[in-house]
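Under my numbering, the first residue of the sequence shown carries the number -9, and numbering increases by one thereafter. Beta carbons are placed, not taken as given, at the ideal position from N, Cα and C, and that holds for glycine. Predicted model only: the values in this text are computed from it and were never measured. Okay, so here's the structure we're looking at.
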Amino acid sequence: MAMDKQQDPLLRRPLYLYDLPPEILNSLVPKPDAGLPVQAEEASTDSAPSRDRSPGPAGSESSLGSQACSLCGLSFVTVQEQKGHLKTDLHYYNLKQKLNGLRPVSEAEFEKLVAENDVSISGSDASDSEDEEDEASRRDTTLSALLKKQASLAEKRTTGDGDEDDEPTKKKRKRGMGQPPLLWFDSPRLPDNTYFGIYRAMFTAEELDKEDAIVEAIKQRQLPPISMPKTAKDGNAVPPAYNGKHIFLCMIGGGHFAAMVVCLAPKQSKHGSVGPLNREAVVLAHKTFHRYTTRRKQGGSQSANDNAKGAAHSAGSSLRRYNEQALVEDVRGLLKDWKTLIDTSDLLFIRATGATNRRTLFGPYDDQVIRANDPRIRGFPFSTRRATQNELMRSFIELTRLKVKEIHPEAASAATDEGGKAPKPKSEPKPSAPRLTEEEETAIMHTNQIQSMIRRSKLPALLSYLTTNSLPADFVFQPADSQPNHHAPTALHLAAAQNSAALVTGLLTRAKADPTIPSPEGKTPFDLAGTRATRDAFRVARAELGESAWDWDAARVPGPLTREEAERRTERERREEQEKEDQRRKAEEERLRVEGLRVNDNNSNKSGGRKGGVLGSGLAPRTAEERRLEETRGLTPEQRMRLERERRARAAEERIRRMQGGG
């Protein structure tokens, strides 16, 4: 690659179609195989709102380098969008078509097929669990209905009954071979084999007719930043008639409706000196409606079920019918309120799947706002989810942002060899975990057993396990590259790190563990000992085993220490600690006594010389629990445990003395 695109400041931020930097705008050149100019027959209009959905069932070279579905002829910007498409009804239907030896259909053709069967299929938000539960049942209903009708039409054509439909079918087949959704452009500001992509739906058919007109159309779309007043938070307050360029986006399906009018000129940020990085989109108006109209876990709308099986008389069906009518009235009322903004919009992006949803928008009805044959109408040339305000804003950003993709020449040549089909994107295989040998599995099993016994301080069990399995005391834990085993690779290292003096003594004197083995960090077992008792265990072992047993200096173990000396020092330290504790307790008791006297004196003075004193001050006598709490006040948890053990021992001695005296 000639240069890294991350090094170019212009490519570090998103590029907005209507506010491109002059350096990029003046250097755009259509890619030679971008699919321009468009054939007149392919650019012919259709009365359906999704007539400009450009992807067709067959891929083309212009879609190379992006995530694509060669079966449906769709291109995607991200891998997540491509994965989402693989779960759609369109993809499943085209798979059925391929298995039956028939040609796939485009997204526009599939929507018309669904509309003719009056089957409701709507996108679902990733956070809606109910729609996810309905997805399988809706897909089965849709595919079954379409395949049954297809089989019926094929039988009629075979018998000669459907001759009158042959001509429309041929026309549909020609229109179905649409162009890829993205137009690709080259620029000297881009690295080698990297191109800009712009959605074809953002241009008119006249602008797509000539290759030299498309770049001029992009230049004419550049708009200076503007300052707009803030609209109401609920989106209901429609601003006065706006003469600037703006587009209308609308989605309806499954009882969910969302609409938005967005200004194409970017809003000037507060920090104008920073540049286009802080420019934002201006939403002139937005509104959403959500009604319970779909039959949960059964798929389809209530009206579609009524048309197929007759009117149901349940409470749920009545509620769904009422909500369907209310949704129609809400949507049409909103479109009437927004008529000025819709009539002046440059483009109308609409997703309305199913005959019921299409009748809601396109009528016919009185004071109709949107006409099905409006040349400004476009479909969304990518997969969409549930109709929400966030989804509309995501779609707007997707439509108006330039895509930067890398297209390798070898991929293009491979597509040409395969008849022009877009290559299936290859995901890098995940590195599989190396298979362990039998010896490695056995070593890991021994490691887990030994470490478990060390953590539970089971010295006899540990020594027996090492003897039974003929393992050396210096057995190295596996896998050696794990963090715990890297810090403490042997049993002696782990015992020292656990501050288990008994285990250290047993491993050194009975198992003959080597104290000179360093860990990968360069530490010997003695270096990991954290208490005096554990360090003394190493010195006692040095005295008992002798200087010739190991190189104790290399093990960093200090001079030898006999067991008697170690025990005397331990006992001396215990007595010193006990004396300090006794002194601290006496001082604490004296402080409490003085404070108690002071409190009693104050109470006596306040009571006006009433009978009292230390015991007669009127205070309630303390309970045994209160006395125990006062005794342990200020002690550490270890000291409290030691005090409790001593108290229990004295109580047990008192009980034994009384039993002996009574006997």
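Original post:
Quick one: is G606 buried, meaning 16 or more other Cβ sit within 10 Å of its Cβ, or exposed?
Top reply: Residue placement at G606 cannot be trusted, given a pLDDT of 47 that sits under 50; what the coordinates show is reported in the next sentence. That one is exposed.
Subject >> Where D182 sits in the DSSP three-state scheme >> reply: In this structure, D182 counts as coil in the three-state DSSP scheme.
Original post:
Quick one: Cα of N438 to Cα of L497, how far?
Top reply: 18 Å
**OP:** State the Cα-Cα distance for the pair G410 and H75, rounded to the nearest angstrom.
**Re:** Because the pLDDT at G410 is just 46, under 50, the model does not fix this residue reliably, and the value given afterwards should be weighed accordingly. In a straight line, the C-alpha of G410 is about 21 Å away from that of H75.
Subject >> Cα-Cα separation between R564 and E430, rounded to whole angstroms >> reply: E430 has its alpha-carbon roughly 47 Å from the corresponding atom of R564.
Subject >> Which of helix, strand or coil DSSP assigns to E615 >> reply: helix
Original post:
Which term fits L5, buried or exposed, when burial requires 16 or more other beta carbons within 10 angstroms of its beta carbon?
Top reply: buried
Subject >> Coil, strand or helix - Y282 by DSSP >> reply: coil
Subject >> Length-filtered (3 minimum) beta strand (DSSP E) runs lying within the region 429 to 487 >> reply: none
**OP:** Measure the Cβ-Cβ separation of H436 and L452 and say whether it is below 8 Å.
**Re:** no
Subject >> Distance CB(L482)-CB(P510) smaller than 8 Å >> reply: no
Subject >> Straight-line gap, I340 to R368 (C-alpha atoms, nearest Å) >> reply: 6 Å
Subject >> Proximity below 8 Å, CB of G243 to CB of G344 >> reply: yes
Original post:
Is there contact here, the region 541 to 549 with the region 500 to 509, by at least three beta-carbon pairs under 8 Å?
Top reply: yes
**OP:** Can you grab the Cα-Cα spacing for the pair L173 / H476, in whole Å?
**Re:** L173 and H476: Cα-Cα distance of roughly 55 Å.
Original post:
Can you list, in chain order, the residues of its chain whose CB lies under 6 Å from that of T350, leaving out five sequence neighbours each side?
Top reply: V318 and V321
Subject >> DSSP three-state assignment for F66, whether helix, strand or coil >> reply: strand
Original post:
A556 by DSSP, collapsed to three states: which one?
Top reply: helix
Original post:
If F467 and T480 are in contact, beta carbons under 8 Å, what's the gap, nearest whole angstrom?
Top reply: 7 Å
Subject >> Exposure of S335, with buried meaning 16 or more beta-carbon neighbours within 10 Å >> reply: The residue is buried, with at least 16 neighbouring Cβ atoms inside 10 Å.
Subject >> 7 Å CB neighbourhood of D176 in its chain, flanking five on each side removed >> reply: V19, K21 and Y185
Original post:
Can the beta-carbon of I216 be found closer than 8 Å to that of G234?
Top reply: Using a Cβ distance threshold of 8 Å, I216 and G234 count as a contacting pair.
Original post:
In the structure shown, what three-state DSSP assignment does V584 receive?
Top reply: In the structure shown, V584 sits in a helix (DSSP, three-state: H, G or I).
Original post:
Where do the ends of the beta strand (DSSP E) carrying V251 lie?
Top reply: H246 to K257
Subject >> T149 classed as buried or exposed, judged by whether at least 16 other C-beta atoms fall within 10 angstroms >> reply: Since pLDDT at T149 reaches only 49, below the 50 mark, its modelled position is unreliable, and no value is offered.
**OP:** Would you mind sorting R190 into buried or exposed? The rule is 16 or more other CB atoms within 10 Å of its CB.
**Re:** buried
Original post:
DSSP state of P651, grouped into three classes?
Top reply: Pro is not the amino acid found at residue 651; the sequence shown has Gly there. DSSP, reduced to helix, strand and coil, places G651 within a helical segment of the structure shown.
Original post:
Whose CA, out of G323, A271, N90 and L535, lies closest to the CA of D356?
Top reply: G323
Original post:
Considering only the beta carbon of each residue, do R532 and P550 sit closer than 8 Å?
Top reply: yes
Subject >> CA-to-CA distance, H81 to Q87, given in whole angstroms >> reply: 10 Å
**OP:** Quick one: grab the DSSP three-state call for L389.
**Re:** helix
**OP:** Determine the contact status of T278 and A305, defining contact as a CB-CB distance below 8 Å.
**Re:** no
Original post:
By the 10 Å Cβ neighbour count, where 16 or more other Cβ atoms means buried, how is K570 classified, buried or exposed?
Top reply: exposed
Original post:
A487 to R445, Cα distance in whole Å?
Top reply: 10 Å
Subject >> Backbone secondary structure at R341 - three-state DSSP >> reply: strand
Subject >> Bridge partner(s) assigned by DSSP for D176 >> reply: V19
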